[in-house]
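Here is the structure we will look at.
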Amino acid sequence: MSLLRVDRLGKKFGGVNAVDDLSFEIRPGAVYSIIGPNGAGKTTLLNMLTGVYQPSAGRIVFGEHDLTGCAPYEYARHGIARTFQNLQVFFNMSALENVMVGRYMQERCGLVSALLRSRRLARAEHACREEAAELMRYVGLQNYLYASADAMPYGALKRLEIARALATRPKLMLLDEPAAGLNPTEALELDDLIGRLTGRGVTVVLVEHNMRLVMGVSDHILVLDYGRKLAEGPALTVRNDPKVIEAYLGSAVSHDGTFGETIADAVAVAVEMHR
Amino acid sequence: MISGTMLARLASPRTGGLLGLAAVIALLPLALTNTYFYDIAVLVGLNAIVCIGLNLLIGYAGQISLGHAGFFGLGAYGSAILASRYGWPPLAAMLATTVAVAALAFVVGRPILRLKGHYLAMATLGLGIIIYMVIATEDKYTGGPDGIAVVPFSIGGFVLQGERVWYWVVGALLLLAAWLALNLIESPAGRALRALHSSEVGAEVVGINAAEHKLMVFVISAVFACVAGSLGAHYSGFITPGKAAFLHSIELVTMVVFGGMASTFGAVVGAAVLTTLPQLLAAFEDYEMMVFGAVMMGTMIFLPRGVVPSLARLLATRRDATADGEGNGV
Amino acid sequence: MQYLLTGLTVGAIYALVALGFSIIFNASHVINFAQGEFVMIGGMATVSFTAMGLPYLLAIPLAIVAAALIGLALEKFAVEPARNASVITLIIITIGASIFLRGLAMVIWDKRFHALKPFTGDTPIAIAGATILPQSLWVLGVTLVIVLTLSWFFGRTLLGKAMLATSHNRLAAQLVGINVRMVLFLSFGLSAALGAVAGILIAPITTTSYDVGVMLGLKGFAAAILGGLGSGVGAVVGGLALGIVETMSAGYLSSAYKDAIAFVIILVVLFFMPSGLFGKRGGDRV
Numbered sequence: 000m001s002l003l004r005v006d007r008l009g010k011k012f013g014g015v016n017a018v019d020d021l022s023f024e025i026r027p028g029a030v031y032s033i034i035g036p037n038g039a040g041k042t043t044l045l046n047m048l049t050g051v052y053q054p055s056a057g058r059i060v061f062g063e064h065d066l067t068g069c070a071p072y073e074y075a076r077h078g079i080a081r082t083f084q085n086l087q088v089f090f091n092m093s094a095l096e097n098v099m100v101g102r103y104m105q106e107r108c109g110l111v112s113a114l115l116r117s118r119r120l121a122r123a124e125h126a127c128r129e130e131a132a133e134l135m136r137y138v139g140l141q142n143y144l145y146a147s148a149d150a151m152p153y154g155a156l157k158r159l160e161i162a163r164a165l166a167t168r169p170k171l172m173l174l175d176e177p178a179a180g181l182n183p184t185e186a187l188e189l190d191d192l193i194g195r196l197t198g199r200g201v202t203v204v205l206v207e208h209n210m211r212l213v214m215g216v217s218d219h220i221l222v223l224d225y226g227r228k229l230a231e232g233p234a235l236t237v238r239n240d241p242k243v244i245e246a247y248l249g250s251a252v253s254h255d256g257t258f259g260e261t262i263a264d265a266v267a268v269a270v271e272m273h274r
Numbered sequence: 000m001i002s003g004t005m006l007a008r009l010a011s012p013r014t015g016g017l018l019g020l021a022a023v024i025a026l027l028p029l030a031l032t033n034t035y036f037y038d039i040a041v042l043v044g045l046n047a048i049v050c051i052g053l054n055l056l057i058g059y060a061g062q063i064s065l066g067h068a069g070f071f072g073l074g075a076y077g078s079a080i081l082a083s084r085y086g087w088p089p090l091a092a093m094l095a096t097t098v099a100v101a102a103l104a105f106v107v108g109r110p111i112l113r114l115k116g117h118y119l120a121m122a123t124l125g126l127g128i129i130i131y132m133v134i135a136t137e138d139k140y141t142g143g144p145d146g147i148a149v150v151p152f153s154i155g156g157f158v159l160q161g162e163r164v165w166y167w168v169v170g171a172l173l174l175l176a177a178w179l180a181l182n183l184i185e186s187p188a189g190r191a192l193r194a195l196h197s198s199e200v201g202a203e204v205v206g207i208n209a210a211e212h213k214l215m216v217f218v219i220s221a222v223f224a225c226v227a228g229s230l231g232a233h234y235s236g237f238i239t240p241g242k243a244a245f246l247h248s249i250e251l252v253t254m255v256v257f258g259g260m261a262s263t264f265g266a267v268v269g270a271a272v273l274t275t276l277p278q279l280l281a282a283f284e285d286y287e288m289m290v291f292g293a294v295m296m297g298t299m300i301f302l303p304r305g306v307v308p309s310l311a312r313l314l315a316t317r318r319d320a321t322a323d324g325e326g327n328g329v
Numbered sequence: 000m001q002y003l004l005t006g007l008t009v010g011a012i013y014a015l016v017a018l019g020f021s022i023i024f025n026a027s028h029v030i031n032f033a034q035g036e037f038v039m040i041g042g043m044a045t046v047s048f049t050a051m052g053l054p055y056l057l058a059i060p061l062a063i064v065a066a067a068l069i070g071l072a073l074e075k076f077a078v079e080p081a082r083n084a085s086v087i088t089l090i091i092i093t094i095g096a097s098i099f100l101r102g103l104a105m106v107i108w109d110k111r112f113h114a115l116k117p118f119t120g121d122t123p124i125a126i127a128g129a130t131i132l133p134q135s136l137w138v139l140g141v142t143l144v145i146v147l148t149l150s151w152f153f154g155r156t157l158l159g160k161a162m163l164a165t166s167h168n169r170l171a172a173q174l175v176g177i178n179v180r181m182v183l184f185l186s187f188g189l190s191a192a193l194g195a196v197a198g199i200l201i202a203p204i205t206t207t208s209y210d211v212g213v214m215l216g217l218k219g220f221a222a223a224i225l226g227g228l229g230s231g232v233g234a235v236v237g238g239l240a241l242g243i244v245e246t247m248s249a250g251y252l253s254s255a256y257k258d259a260i261a262f263v264i265i266l267v268v269l270f271f272m273p274s275g276l277f278g279k280r281g282g283d284r285v
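Take a look at the structure:
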């Protein structure tokens, strides 16, 4: 029984197919990674899987529910949470409040009781604060409990988004390049965090360039290229797929920046595997 | 232990601020030596009520409105027409008007709030102007540009009259408005508003229906403006379409921004300063308008975050500085 | 036909004001609510200069230069110091500026209406069953010349291209060596001059006074929004459309609601096209 089923999904921008005829399934409990060169359509795909973009074609089925065409908040209410490659932190609030916003679906109350601040609400607020603090400790932000979001370093903000997403009590969590911009130590800590997420029963979809992280935590990998599926399968199979290696080395000519890093990572992983 | 939490609660901006506001309202009459001062204080209170509502929309939810004088005007004229022309009891007239304005805000708010930034500014501005035109043109009901007289407010035979009586009534309502606004902001719904101000998509992906929240706060702010307009009409006994005009909308927004966005007490301070200022500037006669414009520009250039947040920040850094100094000394 | 001609005349004025909004918006993403005051200054200054006995040929350029200088001063002393402030703060600053300028005008001049003599006579000319004032021809002609000049300026000259580049991507423009602050500064001068021209052209038809800027400014803003903020074509089309629709509805429906109808139309258009007729589409990128 699959948790998420994507069926012949497509997205056009102008005349360009950012994602084209893409189908796959995600089983509960796994870490499912999506990799591919820059511009392969990974973030577009995540945006469709959370309702931020409406697909041009195809269906998205989550559990029993067909969510195609739903608004982002409806995706969230069915149990899909995400983080963003370009941070979408609420910089006008404290760190703790950011996580408390994540508790919105459990906390929300009628307008009248909000305006009059009913006793029940005051108690719920207290519990919400406690739980948010607990989540911040869980992702390793215990030092930022009283910080204002606009005063936090980049790495901490990435964790803050994870804590906020966790606060929604998701079944499926989409992480969009959680390691980008982190130093190697911080990136290493992510392995552990992702492991603990699955331990909590959260299924994780990971979009990432850091191959060490991807190869280290993934159960299943989907490789995208030009919006299409290049390869898919268990991590071990994909890693040795000649098509994947070619796409990565081939694209190294036209891509630069993060890609140099990726190749270095890929080579390092390959060397490690053959040893 | 209990007294500890009590103290903490008193020191919180919410309870502490409300007590402070209550104290100011209670003690102010000591400085109000004649009815003219009382009159200004009542006007300040009414504007402050509108601004507290408008600040929920602009300061917290980040949605601009350049047409809120329209809702103020509808409140004023609704009460005037129902109570004075048709002889309704003023309270019933006020309630009926408020319900009608809330319904109007609900209906037009949905499409308008889909717009963003300057387009939203234009749409709310247009809405305000349309309301103004209707009020100024339908002279059969509204008296047109000449205005209309309004009966005094009365409940069950007790007539509200005199600046001093009104002062206490408006003071109590202002306190109520501040309390409601503070409660809302600290509720999950209020956090949702601040969240969507910062990042709409970030708010949506944790399950917040942004459109619904914007609409809710739009209706609330319209209701605040409408109630204040309705009270203001009964208080002054005579209203003209100017109350619904574009310039009045601008004045209201300026009060909110001047006092400090996303600060409920800032809205009150903004209303107080900018309502009193023209009275003081009256001494300048012909130069009044120029000076008013210059003050508006100057404050925004030098205190872009508004008076209250800028001062709060200044105090905070000073406190930090002294704390640091002590730390170094030890 | 008569309404169409009148509408085009009014629309041309709106278009000029809207172009002023668009130019400043492109350079700085600021909506300059003092734009209407430049219209007022143009008209009133010309009235004063001619009263001093200057001929139109001198009075008009002087008035335009005066408005442009005030525009430059506005940028230098009010917008530039606050360039990191939020959009709404900038809106309040320009509204403060407009109130200030209106107050200033009231002190320098007075509260009365002033008429300006038409440029070339006031005998109506008959065209296809309708009549048109010579001044309307001036309005249409000058607007056409200005629109053509502007499109040449933005399409062909280096400075114009620099201004366009800045509007598309400020950082990139800066990186290729464009003096972005200069562009911003000049855009205010140019917009003010445009506004002044509009004010001078319309003054002989409608008379002018210290507070004509409010409504003309709002209509210009409405036209810019209708066309789509930042689009030059949009500003012109928006202005003309607004002028024609307004005159038609005043003629056929109700003159009392003339101004209201313009805003109803804008609301309806925005409901269906949230970025105006020619505005940039596209959602938020995340």
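So the sequence lines, in the order shown, correspond to chains A, B and C.
Read in order, the letters of the first sequence correspond to residues 0 to 274 in numbering that gives the first Met the number 0.
Read in order, the letters of the second sequence correspond to residues 0 to 329 in numbering that gives the first Met the number 0.
Read in order, the letters of the third sequence correspond to residues 0 to 285 in numbering that gives the first Met the number 0.
For each residue, glycine too, the CB sits at the ideal point set by N, CA and C.
Starting from the beta carbon of F99/C, find every residue of chain B whose beta carbon is closer than 7 Å, and list them in chain order. Stepping through the third sequence from its first residue, residue 99/C is reached at position 100. Chain B residues near F99/C: M289, G292, A293, M296.
In chain C, which residues lie with their C-beta within 8 Å of the C-beta of V256/B? Counting from 1 along the second sequence, the entry for residue 256/B is found at position 257. What V256/B touches in chain C: I87, T88, I91.
Runs of alpha helix (DSSP H) wholly within the region 103-174 of chain C (minimum 4 residues, chain order): The DSSP assignment places complete alpha helix (DSSP H) segments of no fewer than 4 residues inside the region 103-174 of chain C at 133-155, 157-167, 169-174, in order along the chain.
When the distance is taken between beta carbons, is F245/B closer than 8 Å to G146/B? In the second sequence, the residue the question calls residue 146/B occupies position 147. In the second sequence, the residue the question calls residue 245/B occupies position 246. Cβ distance not < 8 Å, so G146/B and F245/B don't count as in contact.
Taking CB distances under 8 Å as the criterion, tell me whether G102/C reaches chain B. Position 103 of the third sequence, counting from 1, holds the residue named residue 102/C. Taking 8 Å as the CB threshold, G102/C lines the interface with chain B.
Exposure of N46/A, with buried meaning 16 or more beta-carbon neighbours within 10 Å: For the purposes of this step, residue 46/A is identified with residue 47 of the first sequence, where counting begins at 1. Classification of N46/A: buried, given that the 10 Å Cβ count is 16 or more.
With DSSP as the reference, label A80/A as helix, strand or coil. By one-based count along the first sequence, residue 80/A stands at place 81. DSSP places A80/A in strand when its eight states are reduced to three.
M92/A in three-state terms, based on DSSP: What you label residue 92/A is simply residue 93 of the first sequence in a count that begins at 1. Here M92/A sits in coil by DSSP.
So, for I63/C: in the same chain, excluding its five sequence neighbours on each side, which residues have a beta-carbon less than 7 Å away from its beta-carbon? Position 64 of the third sequence, counted from the start, is the residue given in the question as residue 63/C. The answer, listed in chain order, is G41, A192, A195, V196.
Counting only Cβ pairs nearer than 9 Å, list the residues of chain C close to D285/B. Position 286 of the second sequence, counted from the first residue, corresponds to residue 285/B. Correct list: G102, M105, V106.
Should K213/B be labelled buried (16 or more other beta-carbon atoms within 10 Å of its own) or exposed? On the second sequence, residue 213/B is found 214 positions in, with the first residue counted as 1. With 16 or more other Cβ atoms from the protein chains shown falling within 10 Å of its own Cβ, K213/B counts as buried.
Contact list for the region 99-117 of chain A against chain B, Cβ threshold 7 Å: Result list: M99, V100, G101, Y103, M104, E106, R107, C108, L110, A113, L114, L115, R116.
Helix, strand or coil: how does DSSP classify V252/A here? Translated into positions along the first sequence, residue 252/A becomes position 253. The predicted model places V252/A with a pLDDT of 41, which falls under 50 and marks its position as unreliable; any figure quoted below should be read in that light. Three-state DSSP puts V252/A in a helix.
Within-8 Å CB hit, Y59/B to chain C: Taking the second sequence and counting its residues from 1, one reaches residue 59/B at position 60. Y59/B does not count as touching chain C.
Cα-Cα separation, L124/B to E160/A: Here residue 124/B corresponds to residue number 125 of the second sequence, with the count starting at 1. Here residue 160/A corresponds to residue number 161 of the first sequence, with the count starting at 1. Between L124/B and E160/A, the C-alpha separation is close to 37 Å.
So A188/B packs on A70/A, CB below 8 Å; how close in whole Å? Mapped onto the second sequence, residue 188/B falls at position 189. Mapped onto the first sequence, residue 70/A falls at position 71. The distance from the Cβ of A188/B to that of A70/A is about 18 Å, inconsistent with a contact at the 8 Å cut-off.
Using Cβ-Cβ distances below 9 Å, what residues of the region 48-78 of chain A are close to chain B? For the region 48-78 of chain A, the beta-carbon criterion of a distance under 9 Å to any beta-carbon of chain B is satisfied by T49, G50, V51, A70, P71, Y72, E73, Y74, A75, R76.
Given 8 Å, three or more beta-carbon pairs between the region 118-137 of chain C and the region 147-154 of chain C: No: the two stretches stay apart, fewer than three of their Cβ pairs being nearer than 8 Å.
Can you name the start and end residues of the beta strand (DSSP E) that V204/A belongs to? Sequence index remark: in the first sequence, residue 204/A carries index 205 (1-based). Annotation: the continuous beta strand (DSSP E) that includes V204/A extends over 202-206.
Every unbroken alpha helix (DSSP H) inside the region 136-202 of chain A [4 residues or more]: For the region 136-202 of chain A, whole alpha helix (DSSP H) runs of length 4 or above, ordered along the chain, are 153-166, 183-198.
V255/B versus T82/A: straight-line alpha-carbon distance, rounded: Translated into the one-based positions of the second sequence, residue 255/B becomes position 256. Translated into the one-based positions of the first sequence, residue 82/A becomes position 83. In this structure, the alpha-carbon of V255/B lies about 34 Å from that of T82/A.
For chain B, find out if any of its Cβ atoms is closer than 8 Å to the Cβ of L266/C; answer yes or no. Counted from its first residue, the third sequence places residue 266/C at position 267. Residue contact with chain B for L266/C: present (Cβ-Cβ distance below 8 Å to some residue of chain B).
By Cβ distance below 6 Å, which residues in the same chain neighbour A230/A in space, the five residues on each side in sequence not counted? Counting from 1 along the first sequence, the entry for residue 230/A is found at position 231. In its chain, beyond the 5 residues on either side, V222, V237, D240, K242, V243 have a beta carbon closer than 6 Å to the beta carbon of A230/A.
A191/B beta carbon less than 8 Å from that of A180/B: As a first step, residue 180/B is located in the second sequence; it is residue number 181 there, counting from the start. As a first step, residue 191/B is located in the second sequence; it is residue number 192 there, counting from the start. Contact flag unset, no.
Rounded C-beta distance between A56/A and L8/A? I'm assuming under 8 Å. For the purposes of this step, residue 56/A is identified with residue 57 of the first sequence, where counting begins at 1. For the purposes of this step, residue 8/A is identified with residue 9 of the first sequence, where counting begins at 1. Sure, about 7 Å apart at Cβ, within 8 Å.
Round the Cβ separation of D20/A and V60/A to the nearest angstrom and send it over; I've been treating them as touching at under 8 Å. To locate residue 20/A, count along the first sequence from 1; it is residue 21. To locate residue 60/A, count along the first sequence from 1; it is residue 61. Rounded, the Cβ-Cβ distance is 16 Å, inconsistent with contact.
Please report the distance separating the alpha-carbon of I154/B from that of P273/C. Taking the second sequence and counting its residues from 1, the one referred to as residue 154/B is at position 155. Taking the third sequence and counting its residues from 1, the one referred to as residue 273/C is at position 274. Cα atoms of I154/B and P273/C: separation of roughly 46 Å, rounded to the nearest angstrom.
Quick one: Cα of V252/A to Cα of Q105/A, how far? Taking the first sequence and counting its residues from 1, one reaches residue 252/A at position 253. Taking the first sequence and counting its residues from 1, one reaches residue 105/A at position 106. Bear in mind that the predicted position of V252/A carries a pLDDT of just 41, short of 50, making it unreliable; the figure below should be weighed with that in mind. Near 49 Å, if we compare the C-alpha coordinates of Q105/A and V252/A.
Tell whether a beta-carbon distance below 8 Å holds between M214/A and A234/A. Reading the first sequence from its first residue, position 215 is the one you call residue 214/A. Reading the first sequence from its first residue, position 235 is the one you call residue 234/A. In contact: M214/A and A234/A (Cβ atoms closer than 8 Å).
Please classify E284/B as buried or exposed, where buried requires at least 16 other C-beta atoms within 10 Å of its C-beta. Taking the first residue of the second sequence as 1, we reach residue 284/B at position 285. Classification of E284/B: exposed, given that the 10 Å Cβ count is below 16.
Under 8 Å by beta carbon: chain C residues contacting T316/B: Taking the first residue of the second sequence as position 1, residue 316/B is located at position 317. For T316/B, no chain C residue has a C-beta closer than 8 Å to its own C-beta; the minimum C-beta separation is roughly 18 Å.
Could you compute how far the alpha carbon of L89/C sits from the alpha carbon of L302/B? The residue you call residue 89/C lines up with position 90 of the third sequence. The residue you call residue 302/B lines up with position 303 of the second sequence. If you take the alpha carbons of L89/C and L302/B, they lie about 12 Å apart.
Rounded C-alpha distance that separates A281/B from A65/C: Translated into positions along the second sequence, residue 281/B becomes position 282. Translated into positions along the third sequence, residue 65/C becomes position 66. Taking the straight line from one Cα to the other gives about 30 Å.
Residues of chain B with CB under 8 Å from L68/C, in chain order? Along the third sequence, read from residue 1 onward, the residue named residue 68/C stands at position 69. Residues of chain B passing the Cβ test: none, with the nearest at roughly 18 Å.
Contact set between the region 180-193 of chain B and chain A, restricted to residues whose Cβ is under 9 Å from the partner: Residues passing the 9 Å Cβ filter: A180, L181, N182, L183, E185, S186, P187, A188, G189, R190, A191, R193.
So who's on the other strand from I34/A, going by DSSP bridges? Counting from 1 along the first sequence, the entry for residue 34/A is found at position 35. V222/A.
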